[in-house]
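Numbering (our numbering), first residue to last: 346 to 493.
Glycine included, C-beta positions come from ideal geometry on N, C-alpha and C.
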Amino acid sequence: MAAKIGGEQEFNSDINVTPMVDVMLVLLIIFMIVTPLLQQGVSVNLPRDMVSPDEDGDIAKDTSVVVAIPDNSNFYIGKDMYPIDQLGDVIKRRMEGKEPAKRIVYIKSGIEVEYGQVVKAIDTIRRQDIDKIGLVADKKKGGGEAPK
């Protein structure tokens with residue numbers, strides 16, 4: 346009889362799950378770190394709407410202009426803060442070259458912000474020959490009807 350060289354000729358059919366678990370944990374950690382960095386602009390505590398209209402897909406685009414008003418004294422476009430008197434110039438620069446149908450400015454205002462501050466922002470935007478202004482609200486959670 347001839348001797349076997351290299352040991353036994355049996356194959357191991359068990360799956361080694363340890364490397365797969367390691368890869369999944371690394372991916373989970375990467376997503377946990379990257380996800381908060383993907384948030385655009387400033388966090389604003391938005392009011393909830395009573396009836397959820399169809400969401401405008403243009404709000405999330407990089408080319409859209411979103412004015413965030415988190416409190417009564419600060420106005421942001423993206424992550425950059427501007428005083429109310431400079432807000433119009435910045436909006437005008439960002440709207441240059443856009444076709445009239447795409448000239449929309451969105452306003453995200455916090456719950457605690459006074460109505461007068463939102464009106465100031467709207468007036469500033471309208472002075473730049475922009476007629477379309479969208480007000481952003483969170484979608485209502487749950488499937489209940491609006492109160493009467």
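- Message: Quick check on the DSSP output: the alpha helix (DSSP H) that includes Lys465 runs from which residue to which?
- Response: 460-471
- For Pro428, three-class secondary structure by DSSP: coil
- Query: Can you give the Cα-Cα distance for Val379 and Gly455, rounded to whole angstroms?
  - Reply: 26 Å
- Item | Terminal residues of the alpha helix (DSSP H) in which Pro364 lies | Per DSSP, Pro364 belongs to the alpha helix (DSSP H) from 363-379.
- Going by alpha carbons, who is nearest to Asp430 out of Lys424, Met440, Met365, Ser418? Closest option to Asp430, Cα to Cα, is Ser418.
- Query: Which residue's Cα is closest to the Cα of Ser409: Glu441, Thr469, Pro415?
  - Reply: Glu441
- Query: What are the boundary residues of the beta strand (DSSP E) that includes Lys453?
  - Reply: 449-454
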